Amino acid sequence: MKILNLRYDFDWSIPFREPFAGWLITGVKLTFLIAIVTTALSLIAGTILAIMRTSRFKFLNLPARMYVETVRNIPGLFWLLFFYFVFPQMLPFGLTETLNQYTYYSVVAGILGLTIDNSAYVSDIVRTGILSVPRGHIEAAVSTGLNRFQQIRYIILPMAFRTVLPPLGTRMIHNFKNSSLCMAIAAPELTWATQQVESITFRGLEVTLLATGFYIGLSLTLAVLMIRLERWLNIDVTSITQMRT
Amino acid sequence: MKKSCLVALLSVLFLMSLISYAAGESLLNEVTKRGTVRIGHGNATPPMNYIDDKGEWVGFDVDLGTVIAEKLGVKVERVLVDNKTRIAFLANRSIDISLANISHTRSRDEQMDYAEPPYFWTGKIFYSKKGKFKSIKDLGGKKIGVDQGSNAFIAAPQEIAKYTDKKPEMLSFQNSAEGFLALKQGKIDSYSQDAQILAAVAGSLGEEYEAVGGAIWSPGLYGIGVPPDDSKWRDKVSFVLQDILKDGSYEKIYQKWFGPKGISPLPINARPRLPKDTFGDMLYIWPD
């Protein structure tokens, strides 16, 4: 019992007082923005990478494999700090100044960093899906005269995504929670806001509990939505395995 | 789904049930009995407290902490704190003393107590590229950086509002090194922090920068933090600090860090002292 002796009296008016309430609301909005944009971007980038990795051509699959291996072995926070502090300095012509002086560059850097990190994992998941598409289906597509692009677009990807929807959903929820890393680069998202309130008032537990509730609530909602989506698409794992044999 | 909601709710309730108030004996007895004093220092704020090139934990605060422990007659146990935990750790009594460049402010005083007098008298400046801004008025509408945990996040816009209607854009960084890097790269137009910290973080680059308007805009009176509601311990630490001021060991540390031949020479006189026009150069010490 001694370990968790908090000696703390709660003052629940803090999260609803200005300027704290304003910071928290901005934080929630920005967390949503970062989560939605990075989810979309990493889905696109991850899918392209997955297609490259399953390609027969070395000039396509080698760079993709190198990318995934590099990114997966570096912590996500590194990419955020890299894009915020280092990346603009590497650019030629007045781009360095333009980026540095852009007020919301921290948000841009956060989105870039999270996208880089997440797309590597997404590509791995989508790749598994592509590999699970039964050989016969692709052969059938070839014999009906579809070209390579049409095969991927109409046959392979729709089947692959149906198979990997559950792990993909989990990954996106993880990515949503990773948005809290953006606090390290002064992007005023929700976790930054809670830290900011704590640093000014020295009463952090109220806002931290609220933020925890927000993250739990939203993650659970996303999980429920994913389950609904799976049901709606009527994914039956047994039917897929039967098709394969 | 219902089950996981229930588990989450139960764990929160469990945490809250553990919250209790313990009114124990004075820390003075506890520290003497224990034989060690737990002092909280930061490690990212040169020259007050930081890790030097050799990987050692040094700084004005660290040296002062050593002398305080000596005078208390106990061993020192250093605990790492940051801008946020330096106050929270006092409140939950994980440390006995917080010596981590804490300016005395009213909102902080509600959560903790300070030994008397403040041990270092400095203040915040707006630091910018030389010649970029003439006065604080020019900072309206610009991007201003501060450290997260600094009271300047609220105080700086209020100060700038005295001169102009244009509101500045505030950013807060995790430590002074990142804040200065952002200033160097032009991510912020000005960085507000205490004068001696900026001088130390900027190092030899300091020549390219200056205090906007040339002056301190908010006083920073660094106090030794002690846990709230323990006047016996607070008095003891105050007496020890004043003894250190009286017997010259304070001056020795001051010269080592801020003297003309010190590690980070300081043009202002930051020693705790009484108003010069009335008292001359008397230090701020209570008479017996």
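Here the protein sequences line up with chains A and B, keeping their order. Take 0 as the starting number for the first sequence in numbering that gives the first Met the number 0 and just add one per residue. Take 0 as the starting number for the second sequence in numbering that gives the first Met the number 0 and just add one per residue. In this text, a Cβ means the ideal position worked out from N, Cα and C, and glycines have one as well. It should be emphasised that the depicted structure is a prediction, and the values quoted were computed from it without experimental measurement.
For residue i, three-class secondary structure by DSSP
i: methionine 281(B); result: coil
i: phenylalanine 92(A); result: coil
i: tyrosine 20(B); result: In this prediction, tyrosine 20(B) scores a pLDDT of 41, lower than 50, which makes its location untrustworthy; the coordinate-derived value is nonetheless stated afterwards. Tyrosine 20(B) falls in the coil class under three-state DSSP.
i: isoleucine 13(A); result: helix
i: isoleucine 223(B); result: strand
i: glutamine 184(B); result: coil
i: isoleucine 262(B); result: coil
i: tyrosine 118(B); result: coil
i: leucine 157(A); result: Here the sequence assigns proline to residue 157(A), which means leucine is not the residue at that position. In the structure shown, proline 157(A) sits in a helix (DSSP, three-state: H, G or I).
i: serine 25(B); result: coil
i: alanine 63(A); result: helix
i: isoleucine 196(B); result: helix
i: phenylalanine 56(A); result: coil
i: lysine 78(B); result: Reading off the sequence shown, one finds valine at residue 78(B), where the question assumed lysine. In the structure shown, valine 78(B) sits in a strand (DSSP, three-state: E or B).
i: lysine 165(B); result: coil
i: isoleucine 172(A); result: helix
i: alanine 43(B); result: strand
i: methionine 0(A); result: Confidence at methionine 0(A) is low in this model, with a pLDDT of 41, below 50, so the placement of that residue is unreliable and no value is reported for it.
i: threonine 244(A); result: Since pLDDT at threonine 244(A) reaches only 46, below the 50 mark, its modelled position is unreliable, and no value is offered.
i: serine 134(B); result: coil
i: aspartate 246(B); result: coil
i: lysine 53(B); result: coil
i: lysine 231(B); result: helix
CB of residue i within 9 Å of CB of residue j, strictly
i: isoleucine 299(B); j: glycine 178(B); result: Since the displayed chain B opens at 0 and closes at 287, residue 299(B) lies outside it and no answer follows.
i: alanine 43(B); j: alanine 185(A); result: no
i: proline 117(B); j: serine 263(B); result: no
i: tyrosine 104(A); j: tyrosine 83(A); result: yes
i: leucine 59(A); j: cysteine 181(A); result: no
i: lysine 83(B); j: glycine 148(B); result: yes
i: isoleucine 129(A); j: leucine 156(A); result: yes
i: aspartate 193(B); j: glycine 219(B); result: yes
i: lysine 141(B); j: glutamate 168(B); result: yes
i: glycine 139(B); j: serine 191(B); result: no
i: phenylalanine 175(A); j: serine 142(A); result: no
i: alanine 151(B); j: serine 217(B); result: yes
i: isoleucine 96(B); j: glycine 72(B); result: no
i: isoleucine 67(B); j: valine 30(B); result: no
i: glutamine 157(B); j: phenylalanine 201(A); result: no
i: threonine 127(A); j: threonine 162(A); result: yes
i: glutamate 209(B); j: serine 106(B); result: no
i: threonine 95(A); j: glutamine 184(B); result: yes
i: glycine 261(B); j: lysine 255(B); result: yes
Residue i, enclosing alpha helix (DSSP H) - first and last residue
i: asparagine 48(B); result: Asparagine 48(B) -> not in any alpha helix (DSSP H); beta strand (DSSP E) instead, spanning 48 to 50.
i: glutamate 209(B); result: No alpha helix (DSSP H) holds glutamate 209(B); the beta strand (DSSP E) holding it covers 208 to 210.
i: tryptophan 216(B); result: From DSSP, tryptophan 216(B) is part of no alpha helix (DSSP H); its letter is neither H nor E.
i: phenylalanine 88(B); result: 84 to 90
i: aspartate 8(A); result: Per DSSP, aspartate 8(A) belongs to no alpha helix (DSSP H) and is neither H nor E.
i: serine 105(A); result: 104 to 131
i: threonine 65(B); result: 59 to 71
i: isoleucine 153(B); result: 151 to 160
i: methionine 225(A); result: 204 to 231
i: glutamate 196(A); result: Looking at the sequence itself, residue 196(A) is valine, so the reference to glutamate does not match. Valine 196(A) -> alpha helix (DSSP H) spans 189 to 200.
Inter-residue spacing [alpha-carbon to alpha-carbon] between residue i and residue j
i: serine 179(A); j: arginine 147(A); result: 40 Å
i: threonine 277(B); j: threonine 30(A); result: 56 Å
i: tryptophan 11(A); j: serine 54(A); result: 56 Å
i: glutamate 17(A); j: valine 132(A); result: 55 Å
i: tyrosine 283(B); j: proline 271(B); result: 6 Å
i: phenylalanine 81(A); j: proline 74(A); result: 11 Å
i: valine 107(A); j: leucine 32(A); result: 11 Å
i: glutamate 343(B); j: serine 230(B); result: The question about residue 343(B) has no answer here: the residues shown for chain B are numbered 0 through 287.
i: valine 57(B); j: glutamate 197(A); result: 27 Å
i: isoleucine 243(B); j: tyrosine 249(B); result: 6 Å
i: lysine 166(B); j: leucine 265(B); result: 32 Å
i: tyrosine 20(B); j: aspartate 112(B); result: For tyrosine 20(B), the predicted structure reports a pLDDT of 41, less than 50, and the residue's modelled location is therefore unreliable. The matter cannot be settled from this model.
i: leucine 224(A); j: leucine 164(A); result: 12 Å
i: leucine 204(B); j: valine 75(B); result: 35 Å
i: aspartate 137(B); j: alanine 214(B); result: 15 Å
Residue i: first and last residue of the uninterrupted beta strand (DSSP E) it sits in
i: threonine 35(B); result: 35 to 40
i: threonine 294(A); result: This structure leaves residue 294(A) out entirely; chain A is present only between 0 and 244.
i: aspartate 146(B); result: 142 to 146
i: leucine 170(B); result: 168 to 172
i: asparagine 100(B); result: 96 to 102
is_contact[residue i, chain E] using C-beta, thresh 9 Å
i: serine 97(B); result: Among the chains of the structure shown, chain E does not appear; the protein chains present are A and B.
Using Cβ-Cβ distances below 7 Å, what residues of the segment 161 to 186 of chain B are close to chain A?
Going along the segment 161 to 186 of chain B in chain order, one finds Glu168, Leu170, Ser171, Phe172, Gln173, Leu180, Gln184, Gly185 and Lys186 with a Cβ nearer than 7 Å to chain A.
Closer than 7 Å, Cβ to any Cβ of chain B: which residues of the segment 162 to 174 of chain A, in chain order?
Under the 7 Å Cβ criterion, the segment 162 to 174 of chain A contributes no residue.
Near-chain A residues of the segment 78 to 94 of chain B - C-beta to any C-beta below 8 Å:
Only those residues of the segment 78 to 94 of chain B whose C-beta falls short of 8 Å from the nearest C-beta of chain A are listed: Asn82, Lys83, Ile86, Ala87, Ala90, Asn91 and Arg92.
Interface positions of the segment 100 to 122 of chain B facing chain A (Cβ-Cβ less than 9 Å), listed along the chain
Listed by position, the residues of the segment 100 to 122 of chain B near chain A (Cβ gap below 9 Å) are Ser106, Arg107, Glu109, Gln110 and Met111.
Listed in chain order, which residues of the segment 137 to 148 of chain B have Cβ atoms closer than 7 Å to some Cβ of chain A?
Cβ contacts with chain A: Lys142, Gln147 and Gly148.
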